[in-house]
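Colleague: The UniProt record's numbering puts the first residue of the sequence shown at 1, with every later residue one more than the last.
Glycine is no exception: its CB is placed at the ideal position from the N, C-alpha and C atoms.
A quick note: this is a predicted structure, and the numbers were derived from the prediction, not measured.
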Amino acid sequence: MTGSAPAHERRPAPRRGKDRRARVLPARPGARHAAGRPTAAVIGGGIAGLAAATALAERGVTVTLYEREPYLGGRVGGWPTRLRDGSTVTMSRGFHAFFRQYYNLRGLLRRTDPALAGLTGLPDYPLLHADGLRDSFRRVPRTPPWSALGFVALSPSFRLRDLRAMNPVPALPLLDVRVPDVYHRLDGTSAHDFLEAIGFPEQARHLAFEVFSRSFFADPRRLSAAEMALMFHIYFLGSAEGLLFDVPRSPYPAALWAPLAEYLGRHGAEVRTASPVGHVERVPAGAFEVTADGATRRYDAVVLALDAAGLRSLVARSERLGDPAWRERVARLRTAPPFLVTRLWLDRPVAPDRPGFLGTSGFGGLDNISVLNRWEDEAARWAARTGGSVLELHAYAVDPCAARHDQERQLLQQLHRVYPETRVAQVVDVRHEWREDCPLFSVGGYDHRPTVRTSDARLVVAGDVVRTDLPVALMERAATTGFQAANALLEGWGLHGQTLWTVPDRGRVAVLRKAATWVGRGGT
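1. At the level of alpha carbons, what is the spacing between W257 and V76?
2. In this structure, what does DSSP give as the bridge partners for I43?
3. Tell me whether T2 is buried or exposed, calling it buried when 16 or more other Cβ atoms sit within 10 Å of its Cβ.
4. Which residues does DSSP pair with W345 in a beta bridge?
5. Name, in chain order, the residues that DSSP records as bridge partners for A292.
6. Pick from P144, S361, G365 and D347: whose alpha carbon is nearest that of R423?
7. Of all the options R178, V290, S250 and H416, which has the alpha carbon lying nearest to the alpha carbon of L344?
8. For V283, count neighbouring C-beta atoms within 10 Å of its own C-beta (all shown protein chains included) and say buried if the count is 16 or more, exposed if not.
9. Applying the criterion that 16 or more other CB atoms from any shown protein chain within 10 Å of the CB defines a buried residue, is S313 buried or exposed?
10. Where do the N-terminal and C-terminal ends of the beta strand (DSSP E) with R272 fall, by residue?
11. Taking only runs that begin and end inside the stretch 238 to 267, name each unbroken beta strand (DSSP E) of 3 or more residues, in chain order.
12. Only counting the same chain, and skipping five residues up and downstream in sequence, which positions put a Cβ closer than 7 Å to that of F498?
13. Do R508 and R23 have their CB atoms nearer than 9 Å?
14. Can you look up L340 in the DSSP assignment and give me helix, strand or coil?
15. By Cβ distance, which residues of its chain are closer than 8 Å to P12, with the 5 residues on each side in sequence left out?
16. Counting only runs of 4+ residues fully inside the stretch 61 to 128, write out the alpha helix (DSSP H) ranges in chain order.
17. In the structure shown, what three-state DSSP assignment does G482 receive?
18. For a quick check, are the C-beta atoms of G46 and D307 less than 9 Å apart?
19. Less than 8 Å between C-beta atoms, sequence neighbours within five positions excluded: which residues of the same chain meet that for Y102?
20. Give me the Cα-Cα distance between D427 and V341, rounded to the nearest whole angstrom.
21. Smallest Cα separation from M91: which of A35, D456 and E376?
22. Assign D176 to one of two classes, buried (16 or more other C-beta atoms within 10 Å of its C-beta) or exposed (fewer than that).
23. Any chance the CB of S147 is under 8 Å from a heavy atom of the ligand NAP?
24. Quick check: the Cα distance between D456 and T291, rounded to an integer number of angstroms?
25. What are the boundary residues of the beta strand (DSSP E) that V24 is part of?
26. Tell me whether W375 sits in a helix, a strand or coil according to DSSP, three-state version.
27. Using DSSP bridges, identify the partner residues of N368.
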């Protein structure tokens, strides 16, 4: 299908959540639809590539989306697998939380689900330490600074004598996080050293703070403190959306990506899965040649929406792409340590009071446990039919030298510690997914990461590894940079861009902002 989409399919206006201070970045004006139908190749079918392809196709650009895997969604994708009991189910790379601060990602999903009915909220975000301490975000106020004060007041992790021993001065930059200023101030410090300087109580650090750093699949000693500070701002100190989140009611392909692929098709885009790109060539005629599946096709522009390793590899194979400085940036990208996702289909349920999601600390390599049949319809149907349950275990930042079989066995042992009723359960089937493709935001690495724009106006980059001057991270950074990449191309073609939303771009309380500025200028 070509031409304009029917009226009922036109893109919805972006929507923010409950935070009235959320920031809007208006779209650059221009023609609403392409007259000459420029062409673009979007390489990578994860969140960033899907966002870029959607914004371009909606405005009349002829888009071809290339994805090497047989499924869309990237690290939030899924694929069918057959269990020993004969059931066909969907396997994935693990749990993802769709926070209410993910304005641009949620805007992408609204293309096919305007009310976001395919998402459901979990009632709590509980965190459990091996010594029995438990934290919860359910009753914590949403609006800063009451969110921070409420968490400290409600949390058993913070004891009065520990609070007295803390040094609040190094923590003041958290009260006024701005991008890119936070990177200039903190990128040279590790998340671990930053928390050490503040003197956070160890239990509180594990329960309340390392959960942020481990969201990056990295050891806090290797993670930039600037990235962790940005996480604090997005989820806790800068936004009034709170720390509770939504999850898809169905597996990722059915809930999210199959409908979006159909939407792209209705807008004239060609979606090519299981189609790895071997080479991209800039040709003298002002175009790009993209080689995939043994065929070469020509495009006016290219969006590189790949993970760090994929981007590094494709650029290395495409010798004439970009300038030397940009190629050097790409070559320096690194990935975080491997992580393990273990999915278990058990012959009996877990205790009825087990939460749908539980963050853990101090249980060996176990970082969280999900009970999928609490919210996912496919897992719930399997559990209802068999009388069992479907559990998922995560281990982030695993030692690359560790024996994988031992890690898998240890995760199961730690599950038995946390949920003792699983000790007598029989494993109907199990899947172990080992991956090593998340970006590493290392100490001092910000200046070396690629940006959306390159020296070539028709070559843009998107993904959660990409540097952007907006307060976004993780899946929301992927969606945001995908839209930004599309906007960069649309601007060159004189087409109307995509409006974006972010959390507030500075601290919420004036007096606290002044205190943070004072520290930044060297106050003591």
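Modeller: From the atom records:
1. In the sequence shown, counting from the first residue as 1, residue 257 sits at position 257. In the sequence shown, counting from the first residue as 1, residue 76 sits at position 76. Those two C-alpha atoms are separated by around 9 Å.
2. As a position in the sequence shown, residue 43 is number 43, starting the count at 1. Answer is Y66 and L304, bridged to I43.
3. Here the question's residue 2 lines up with position 2 in the sequence shown. Only weak support exists for where T2 lies, its pLDDT of 38 falling under 50; the value from the coordinates is given anyway. Exposed, by the Cβ-count rule.
4. Within the sequence shown, residue 345 is the residue found at index 345, counting from 1. Per DSSP, V390 and D429.
5. What you label residue 292 is simply residue 292 of the sequence shown in a count that begins at 1. In DSSP, A292 forms a bridge with V277 and A295.
6. Within the sequence shown, residue 423 is the residue found at index 423, counting from 1. For the residues P144, S361, G365 and D347, the minimum Cα distance to R423 belongs to D347.
7. Along the sequence shown, read from residue 1 onward, the residue named residue 344 stands at position 344. Checking every option, the nearest Cα to that of L344 belongs to H416.
8. Against the sequence shown, residue 283 aligns to sequence position 283. Exposed, because fewer than 16 other Cβ atoms sit within 10 Å of the Cβ of V283.
9. Sequence index remark: in the sequence shown, residue 313 carries index 313 (1-based). It counts as exposed.
10. If you number the sequence shown from 1, residue 272 lands on position 272. Note, R272: beta strand (DSSP E), E270 to R272.
11. 245 to 248
12. By 1-based counting over the sequence shown, the position of residue 498 is 498. Note that residue 498 is Gln in the sequence shown, not Phe. Here the set comprises A27, A55, F483, A486 and N487.
13. Sequence index remark: in the sequence shown, residue 508 carries index 508 (1-based). Sequence index remark: in the sequence shown, residue 23 carries index 23 (1-based). No, these two residues do not count as a Cβ contact at 9 Å.
14. The residue you call residue 340 lines up with position 340 of the sequence shown. Note: L340 maps to strand in three-state DSSP.
15. Taking the first residue of the sequence shown as position 1, residue 12 is located at position 12. Its pLDDT being 45, under 50, P12 is placed unreliably in this model, and the coordinates cannot settle the point.
16. 103 to 109
17. Sequence index remark: in the sequence shown, residue 482 carries index 482 (1-based). G482: helix per DSSP, three-state reduction.
18. Along the sequence shown, read from residue 1 onward, the residue named residue 46 stands at position 46. Along the sequence shown, read from residue 1 onward, the residue named residue 307 stands at position 307. In this structure, G46 lies near D307, with their beta-carbon atoms less than 9 Å apart.
19. Counting from one through the sequence shown, the residue named residue 102 turns up at place 102. Within the same chain, Cβ atoms closer than 8 Å to the Cβ of Y102 are found at M475, E476 and A479, the five residues on either side in sequence being excluded.
20. To locate residue 427, count along the sequence shown from 1; it is residue 427. To locate residue 341, count along the sequence shown from 1; it is residue 341. The sequence given here places Val at residue 427; Asp does not occur at that position. Their Cα atoms are separated by approximately 16 Å.
21. Reading the sequence shown from its first residue, position 91 is the one you call residue 91. Among A35, D456 and E376, the Cα nearest to that of M91 is on E376.
22. For the purposes of this step, residue 176 is taken as the residue at position 176 of the sequence shown. Classification for D176: buried.
23. Ligands are entirely absent from the displayed structure, and the ligand NAP is therefore not among its contents.
24. Counting from 1 along the sequence shown, the entry for residue 456 is found at position 456. Counting from 1 along the sequence shown, the entry for residue 291 is found at position 291. Rounded to whole angstroms, D456 to T291 spans 19 Å at the Cα level.
25. Residue mapping note: residue 24 aligns to position 24 of the sequence shown, counting from 1. Segment R23 to L25, the beta strand (DSSP E) holding V24.
26. Numbered from 1 along the sequence shown, position 375 holds the residue referred to as residue 375. W375 falls in the coil class under three-state DSSP.
27. Along the sequence shown, one-based indexing puts residue 368 at 368. The partner list for N368 (beta bridge, DSSP) reads G359 and H394.
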